[in-house]
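Count along the sequence shown from 1, add 5, and you get the number used in my numbering. Quick reminder that beta carbons are idealized off the backbone N, C-alpha and C, glycines included. Structure record follows, encoded as C-alpha cells.
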Amino acid sequence: MAEGPNQRPGERGFPGTEVAFQIDHQPRAQARGKTPAELGGGRLVRQIENGINIGAMHFGDSRMDAGGLKEHIRTAGRELGFAAVGFARAETGPAAARLRAWLAAGFHGEMDYMARHADLRCSPERLQPGTVTVISAALDYLPATTANDDPERAEISRYALGRDYHKVVRNRLQRLAGFISERIGPFGYRVFSDSAPVMEVEFAVRAGLGWRGKHTLLLAREGSWRFLGEIYCDLPLEEDTPPDDHCGTCRACLDACPTGAIVAPYQVDARRCISYLTIELAGPIPIDLRPLIGNRIYGCDDCQTCCPWNRHARLGDPAFAPREGLAGARLGELFAWSEEEFEARLAGSPIRRIGHERWLRNIAVAIGNGPPTPAALAALAARADHPSALVREHIAWAEEKLATRSGEN
Ligand code: B12
Ligand code: SF4
Ligand code: SF4
6 MAEGPNQRPG
16 ERGFPGTEVA
26 FQIDHQPRAQ
36 ARGKTPAELG
46 GGRLVRQIEN
56 GINIGAMHFG
66 DSRMDAGGLK
76 EHIRTAGREL
86 GFAAVGFARA
96 ETGPAAARLR
106 AWLAAGFHGE
116 MDYMARHADL
126 RCSPERLQPG
136 TVTVISAALD
146 YLPATTANDD
156 PERAEISRYA
166 LGRDYHKVVR
176 NRLQRLAGFI
186 SERIGPFGYR
196 VFSDSAPVME
206 VEFAVRAGLG
216 WRGKHTLLLA
226 REGSWRFLGE
236 IYCDLPLEED
246 TPPDDHCGTC
256 RACLDACPTG
266 AIVAPYQVDA
276 RRCISYLTIE
286 LAGPIPIDLR
296 PLIGNRIYGC
306 DDCQTCCPWN
316 RHARLGDPAF
326 APREGLAGAR
336 LGELFAWSEE
346 EFEARLAGSP
356 IRRIGHERWL
366 RNIAVAIGNG
376 PPTPAALAAL
386 AARADHPSAL
396 VREHIAWAEE
406 KLATRSGEN
C-alpha cells in the first residue's frame, strides 16, 4: 500500500505567527476548571526566532512537564480510538542508507515516487521545516471476517474492506493536534497517514509502538493489523524507547509469502509483492506471477495471517467494518460491475483508487486461477471485447488457463 495525495486540510504552517517567548498560562484549560497542576503544571514557553517557531519547553521542572504533556496526548489519543501513541525524535538515522540500498536494488519497481522523494523521506526537517518530534499513532483495523478459501470468491485485503484509512487516520490526528493546541496554544504541526514521504514504520518503532517484523511491518504484542499515522511537530518532547524484537527464530512470514517477495528478513522486493501487483502496478501483471496470485484481487494478507502475534489480535475500529457485499463476494459478480457501479459501490473505499480497468485486470487473473466452470467462462466471454487492451489481454490469459485446466479434467 502506498502514498495517496498529499492533502493538508486545516493544518497550521510551521512558520510561527507568535511573538518571541510567548508564555502560555493555559487559560483555556483553566477556564474548564482545571488547575495547571492537574494539567502537568508549569507554563509553556514558545521560542520564536525571526518569526519561526523553533521549539517549545516548559518552565520549572521541564522534564516533568513535558512528560505530563506526553501523557495527556496519549490519553487523548486513546479517547480518539488510537491503539497506541508514542514519541520519536525526528531523525531517520541508519534507515536512510537502508532506504537507498532498497532503491538501488530496484525493489520499488514502478513506484517512482519512492525514488523521487527519497531525500524528503529521509529528512523530516526538509519535508516540514521546524519539525523536531514525530508523534506516531496506530489505529487497529482488523474486521470481523473469516478466511476465504473458495477459489470462486474474491479475497480482498482486510485493510481495504471498509473506509479509506488515509482520511480516517488523518482526521483523528487532526483532532489530536487540536487537543494539543487547546492545552498549550498554537504550535507548528502537520499530520500524515500514508500521504507523504514519511518513514512511518521506522518512526513507529522509534516511538515505542512495536518492533519491525521480518515482513517489514510494524508488529506489537497486539499484532500488526494497524494503520500508522504521524504528527510532525515543533514540540521538543522526549522520545520513547523502542521495545525488543520478538520475532526470534520465527520465519513464518517468509515461508508463507505466495510469491517469495520477502527475499530476506526485513527486505521486501515490491515487484513480487501481490499488494504491489494488484494495487500499485499500472500495466500488465508479469505472467510468471499470475498463477501465484490465486483469488487475491486487491492486496494480500498472507504475511500477517500466518504471524503468531496476530492469533489473538483484537477487532479494529468500527470505521473499518467491511462494507456490504465485499467480503467473500463471488468473482463473477464483481467482474460484472460496470464502471459506474464500481465508482458508486466503492465510494469512500481505498479500492476505488485503482480504477475500473485494474479492477477488471485483477479479477480476470483470479478467475483464470479458479475452476473452469461454465459460469467462469461466461463471465470472461461477456467482457472479451472490453475497450482496454490491458483487460482483454488478461481475459485471454485467463481463458487459456481455464481451457487448459478443463482439458486436464
Ligand atoms: C511503499 C509501501 C508499500 C510497498 C513496499 C512495501 C515495503 N515493505 O517497502 C508495497 C506496495 C509492496 C506495500 C505493501 C503493503 N503495505 Co505498504 N507501504 C508502503 C509505504 C508507502 C512506504 C514503505 C517504505 O518506505 N518502503 C521502503 C523500504 C526501504 O522500507 P522497508 O521495507 O520498510 O525497509 C526498512 C527495513 O526493512 C529496514 N531494514 C533493512 N534491513 C534490516 C535489518 C534489520 C535487522 C532491521 C531491524 C531493519 C532492516 O530498512 C528499511 C528502512 O528502515 C508505507 C507508508 C509510509 N509512508 O511509510 C506503507 C505501509 C508500510 N504499508 C502498509 C501496509 C498495511 C501494507 C500491506 C499489509 C497492505 C496489504 N495488505 O496488501 C502490504 C504488506 C507488504 C509487506 N510485507 O511490506 C502499512 C503498514 C502498517 C504496519 N502495521 O506496519 C503502511 C505503514 C501504511 C500505513 N500508513 O499504515 N507497501
Ligand atoms: S503482502 Fe503477500 S505477497 Fe506481499 S510480502 Fe506479504 S505475503 Fe508476500
Ligand atoms: S511471522 Fe514470525 S518472523 Fe514474521 S513478523 Fe511474525 S513473528 Fe516475525
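Can you tell me whether residue i is buried or exposed, with buried defined as 16 or more other CB within 10 angstroms of its CB?
| i | result |
| --- | --- |
| Leu104 | buried |
| Ala394 | exposed |
| Leu178 | buried |
| Asp124 | exposed |
| His171 | buried |
| Arg319 | exposed |
| Asp260 | exposed |
| Thr80 | exposed |
| Ala106 | exposed |
| Ala25 | Note that Ala25 scores a pLDDT of 26, beneath 50, so its modelled location is shaky and nothing firm can be said. |
| His220 | buried |
| Arg131 | exposed |
| Ala387 | exposed |
| Arg217 | buried |
| Gly167 | buried |
| Ile267 | buried |
| Arg211 | buried |
| Arg316 | exposed |
| Ala349 | exposed |
| Gly234 | buried |
| Ser229 | buried |
| Ile445 | An answer regarding residue 445 cannot be provided, because it is not within the stretch 6 to 414 covered by the chain. |
| Ala408 | exposed |
| Gly288 | exposed |
| Ala436 | Any property of residue 436 remains undetermined from this structure, which presents the chain solely from 6 to 414. |
| Ala152 | exposed |
| Glu404 | buried |
| Asp169 | buried |
Report the option in the options whose CA atom is closest to the CA atom of residue i.
| i | options | result |
| --- | --- | --- |
| His361 | Ala143, Leu132, Leu339 | Leu339 |
| Leu365 | Pro377, Trp402, Gly353 | Trp402 |
| Val174 | Glu243, Ala182, Leu144 | Leu144 |
| Cys238 | Val370, Arg350, Gln133 | Gln133 |
| Asn176 | Arg350, Arg188, Phe197, Pro191 | Phe197 |
| Arg231 | Leu286, Pro355, Ala95, Ala89 | Ala89 |
| Ala381 | Glu348, Asn300, Gly183 | Asn300 |
| Ala225 | Glu235, His251, Leu240 | His251 |
| Asp322 | Pro377, Asp274, Arg83, Ala387 | Arg83 |
| Asp249 | Arg276, Leu223, His317, Val139 | Leu223 |
| Gly337 | Ile140, Ala384, Gly353, Glu413 | Ala384 |
| Ile284 | Arg397, Asp155, Ile356, Thr264 | Ile356 |
| Thr97 | Glu205, Gly183, His317 | Glu205 |
| Pro392 | Ala349, Ile359, Gly86, Glu344 | Glu344 |
| Ala209 | Arg358, Cys305, Ala95 | Ala95 |
| Arg397 | Ile290, Gly190, Ala152 | Ile290 |
| Tyr281 | Gly91, Ile185, Asp306, Leu181 | Asp306 |
| Ala149 | Leu74, Ala324, Glu8, Trp314 | Ala324 |
| Gln272 | Cys308, Ser411, Ile298 | Cys308 |
| Leu2 | Thr138, Pro313, Leu74, Met119 | Residue 2 is absent from the structure shown; the chain starts at 6 and stops at 414. |
| Ser186 | Leu74, Thr310, Lys406 | Leu74 |
| Ala120 | Pro379, Thr310, Glu8, Ile372 | Glu8 |
I'd like to confirm the pairing. Which residues does DSSP put opposite residue i in its beta bridges?
| i | result |
| --- | --- |
| Gln272 | Ala269 |
| Glu235 | Ser141, Phe197 |
| Tyr281 | BP columns for Tyr281 are empty, so no partner. |
| Ala93 | Val139 |
| Leu223 | Arg217 |
| Tyr468 | Examination of residue 468 is not possible in this model, given that the chain is present from 6 through 414 alone. |
| Gly228 | Ala225 |
| Arg335 | Arg158 |
Residue i and residue j look like a contact to me (Cβ under 8 Å); what is the Cβ gap, rounded to whole Å?
| i | j | result |
| --- | --- | --- |
| Pro202 | His122 | 4 Å |
| Asp245 | Gly213 | 4 Å |
| Thr303 | Asn374 | Residue identity differs from the one stated: residue 303 is Tyr in this sequence, not Thr. No, Tyr303 and Asn374 are not in contact; Cβ-Cβ is about 15 Å, not under 8 Å. |
| Ala93 | Ser128 | With a Cβ gap of about 14 Å, Ala93 and Ser128 do not count as contacting. |
| Val370 | Arg276 | Not confirmed; about 16 Å, so no contact. |
| Glu243 | Ala71 | 6 Å |
| Met6 | Asp199 | 7 Å |
| Arg188 | His77 | 6 Å |
| Gly193 | Gly265 | The Cβ separation is near 44 Å, so there is no contact. |
| Glu157 | Pro376 | 7 Å |
| Leu420 | Leu85 | Since the first and last residues shown for the chain are 6 and 414, residue 420 lies out of range. |
For chain B, find out if any of its Cβ atoms is closer than 7 Å to the Cβ of residue i; answer yes or no.
| i | result |
| --- | --- |
| Leu282 | Although the question refers to chain B, the structure presented lacks it and comprises just one protein chain. |
Notebook entry, point to check: Is the region 332 to 344 touching the region 156 to 169, taking contact as three or more C-beta pairs under 8 Å?
Noted result: yes
Check: Three or more C-beta pairs closer than 8 Å, one from the region 252 to 271 and one from the region 93 to 102: is that the case here?
Finding: no
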